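The structure appears right after this line, and notes come after that.
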Amino acid sequence: MSRYIYPQRVGATELLQFSGRLKATLGLHGAWLPCLLSVVLISGQVLAKTPVEIFKQVSHSVVVIKTYDDKGQLKAFGSGVVLDKEGNVVTNNHVIEKAARLVVVFDKKEYPATPKCVDLIRDVCSINAPGLNALPVSFARSSQIEIGSTVYAIGSPMAEGLTFSDGIVSFLREALGGHYIQFTAPISPGSSGGGLFNEQAQLIGIPTYFISQGQHLNFALPVEWVVDLPDRYIAQSTAEHIGNSDADYLGKAVALAKKEDWRALDQLCLRWTKAFPMSVRAWDLLGSAYSGSGEFGKAVDAYRQAVMIKPDLAQYWLELGHLYGKTGQRDKQIESYRMAVRINPEYAETWQKLAVVYLDKAQYSNALEASLEVTRINPANVPAMMIQGYCYGKLEQQARQIEAYLQAIHIDEYSAEAFVCLGIAYGDSHRNTEEEEAYQQALRVNPNEGFALFNLGHYYLGKGNKEKGMEYYSRLKAVDPELVRIFFDDLSYRLHPAIAQRH
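So this note's numbering is basically just the index in the sequence shown, starting at one, shifted up by 487.
Next up, the structure:
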């Protein structure tokens, strides 16, 4: 039968002895290491607790955090997890930043609190609430969980009582000192700083943000960062007085980036990442240095570190996607852009880039979906409408194809390319007169529009009008020798500007 050992059942001598063994076994450090004694010990197989049992246990370890401004006005709510009997509580740093006063709420009582240890880079901190008499949480290790494991999230959104939800671990993103945990258990605003628990009611992570765009995309900081917090706080406080600070490196790096001195920048950033391995700006600028010098593979590695440290910044996912494109890794490029739009679904540029990659992979439904997001954000985006028209054509939705190109022309009546595409759409619908007129309108806008000359030449030759066809062929020779070279390959073919530009 499995045995469970909890802190209140362990004597002081046993506590110290087991603390040393646990530290050696788990490789964990920090002032709260004795709390780890509440980890489940096994003599056989660990038994999973029921959701009811888990909630009953962990609900006594999760608190509400209220923040007030300097005028005494309530600013925001957050959640926290109790670490020990001394009133220390862990939460996300963004929960308490810029607060003039902190209050911990537990069991309908309020306890004034003050910041204790802060790690700005990892967005984790501890606060102390004297007199708080709550049950300390049990710890596990994020490295011990697997994708597919059942997890439970608990927090107190809007301070309206605890919410409890279950889900699975959907992805693990390696980070220095642990793993970011992506999970499916739904959480709400105000749950940041709460707890993510395994089936033994052990803390495995701190939910830090969520994105709700038709799917769950929730992340938790690794529990190892909680355990490391006191040691890192001491180390960071000491580092402020000796050697280069993170800010010193940043100033020097920005100056080198402005000069485009990529070699000097990458050498500086390598020292910077060694001194401050969790500085996301260090990895960002290292990636920029490698990219500037054409070392795209190394740039990918640098930005992978950046998104591991700060997975909620869309810009780093956007940069990573661009670099995956440079190295021909299209699937990973799509994955990175998808992450960027999940984090910031209102950034039209990322949707546009995603649409282009889908188009290159002939994934027309996905390209259409992404381009529609662009025009949702910016209804006057002509390039997105051009993609929509092309995709509708490939999906054999000719009426919508024509409508998309007409809309593009309505916004930009001087787009010769839009008229060429409209001509192709009319041709696909067997509206021959309108096809011809669209090509002619493209030439009125730009008499040297090669695609219009190419397609008109084919149009007239296909109709048996050799004289007219060769007239446009002759005009094409003076404009675009490359198109002339393929002119007679297939006279039924219409050349689409979007195809030519992508290749």
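We put the beta carbon where it would ideally sit given N, CA and C, even for glycine. Since the model is a prediction, treat every value here as computed from it, not as a measurement.
Exposure label - residue i; buried when at least 16 CB within 10 Å
{"i": "residue 603", "result": "buried"}
{"i": "residue 711", "result": "buried"}
{"i": "residue 620", "result": "exposed"}
{"i": "residue 798", "result": "buried"}
{"i": "residue 873", "result": "buried"}
{"i": "residue 450", "result": "A query on residue 450 cannot be resolved here, the shown segment of the chain reaching from 488 to 990 and no further."}
{"i": "residue 935", "result": "exposed"}
{"i": "residue 721", "result": "exposed"}
{"i": "residue 753", "result": "buried"}
{"i": "residue 539", "result": "exposed"}
{"i": "residue 974", "result": "buried"}
{"i": "residue 631", "result": "exposed"}
{"i": "residue 633", "result": "exposed"}
{"i": "residue 741", "result": "exposed"}
{"i": "residue 578", "result": "buried"}
{"i": "residue 534", "result": "exposed"}
{"i": "residue 658", "result": "exposed"}
{"i": "residue 867", "result": "exposed"}
{"i": "residue 956", "result": "buried"}
{"i": "residue 901", "result": "exposed"}
{"i": "residue 560", "result": "exposed"}
{"i": "residue 883", "result": "exposed"}
{"i": "residue 768", "result": "buried"}
{"i": "residue 784", "result": "exposed"}
Where residue i falls: helix, strand or coil (DSSP)
{"i": "residue 705", "result": "strand"}
{"i": "residue 625", "result": "strand"}
{"i": "residue 834", "result": "coil"}
{"i": "residue 728", "result": "Note that residue 728 scores 45 on pLDDT, short of 50, meaning its location in the model is unreliable; the coordinates nonetheless yield the value given after this. Looking at residue 728 - three-state DSSP - the assignment turns out to be coil, as it is neither helix nor strand."}
{"i": "residue 734", "result": "helix"}
{"i": "residue 567", "result": "strand"}
{"i": "residue 980", "result": "coil"}
{"i": "residue 934", "result": "coil"}
{"i": "residue 754", "result": "helix"}
{"i": "residue 691", "result": "strand"}
{"i": "residue 525", "result": "Because residue 525 carries a pLDDT of 40, less than 50, the predicted location of this residue cannot be relied on, and no value is offered for it."}
{"i": "residue 920", "result": "helix"}
{"i": "residue 554", "result": "strand"}
{"i": "residue 965", "result": "coil"}
{"i": "residue 602", "result": "strand"}
{"i": "residue 613", "result": "strand"}
{"i": "residue 559", "result": "coil"}
{"i": "residue 475", "result": "Here the chain comprises residues numbered 488 to 990, so residue 475 is not present and cannot be evaluated."}
{"i": "residue 683", "result": "strand"}
{"i": "residue 620", "result": "coil"}
{"i": "residue 971", "result": "helix"}
Rounded distance between the beta-carbons of residue j and residue i, thought under 8 Å
{"i": "residue 770", "j": "residue 789", "result": "5 Å"}
{"i": "residue 831", "j": "residue 854", "result": "That pair is no contact at about 20 Å."}
{"i": "residue 580", "j": "residue 605", "result": "6 Å"}
{"i": "residue 582", "j": "residue 576", "result": "So it is not a contact: roughly 10 Å between Cβ atoms."}
{"i": "residue 807", "j": "residue 828", "result": "Not confirmed; about 13 Å, so no contact."}
{"i": "residue 963", "j": "residue 970", "result": "6 Å"}
{"i": "residue 837", "j": "residue 824", "result": "6 Å"}
{"i": "residue 858", "j": "residue 835", "result": "Actually they do not touch by this definition, with Cβ atoms about 10 Å apart."}
{"i": "residue 743", "j": "residue 757", "result": "With a Cβ gap of about 13 Å, residue 743 and residue 757 do not count as contacting."}
{"i": "residue 981", "j": "residue 911", "result": "5 Å"}
{"i": "residue 691", "j": "residue 638", "result": "7 Å"}
{"i": "residue 861", "j": "residue 839", "result": "5 Å"}
{"i": "residue 747", "j": "residue 779", "result": "6 Å"}
Residue-level contact to chain C via CB, residue i, 8 Å cutoff
{"i": "residue 851", "result": "The question asks about chain C, but that chain is absent: this structure has only one protein chain."}
**Study point:** Complete runs of the beta strand (DSSP E) confined to the segment 573 to 598 [at least 3 residues]
**Key:** 575 to 578 and 588 to 593
Check your understanding: If we count Cβ pairs, one from each stretch, closer than 8 Å, do we get three or more for the segment 915 to 933 versus the segment 885 to 893?
Key -> yes
Check your understanding: Looking at C-beta atoms only, is the number of pairs between the segment 633 to 650 and the segment 612 to 620 that lie closer than 8 Å three or more?
Key -> no
Check your understanding: Are three or more beta carbon pairs between the segment 548 to 562 and the segment 582 to 592 nearer than 8 Å?
Key -> yes
Check your understanding: Going along the chain, which unbroken runs of the beta strand (DSSP E) with 3 or more residues stay wholly within the segment 629 to 674?
Key -> 637 to 642, 650 to 662 and 665 to 670
Point to revise | Secondary structure, alpha helix (DSSP H): runs of 4+ residues fully inside the segment 869 to 902 | key: Qualifying alpha helix (DSSP H) stretches, in chain order: 869 to 881 and 885 to 898.
Point to revise | Touch test, the segment 671 to 682 against the segment 648 to 655, Cβ-Cβ under 8 Å, three pairs minimum | key: yes
Exercise for review: Please list the segments of the alpha helix (DSSP H) lying wholly inside the segment 803 to 856, counting only runs of 4 or more residues, in order along the chain.
Suggested key: 817 to 830 and 835 to 847
Exercise for review: Could you tell me whether the segment 898 to 916 touches the segment 951 to 961, where touching means 3 or more Cβ pairs closer than 8 Å?
Suggested key: no
Practice item. At 4 residues or longer, and completely inside the segment 761 to 787: list those alpha helix (DSSP H) runs for me, N to C. Key: 767 to 779
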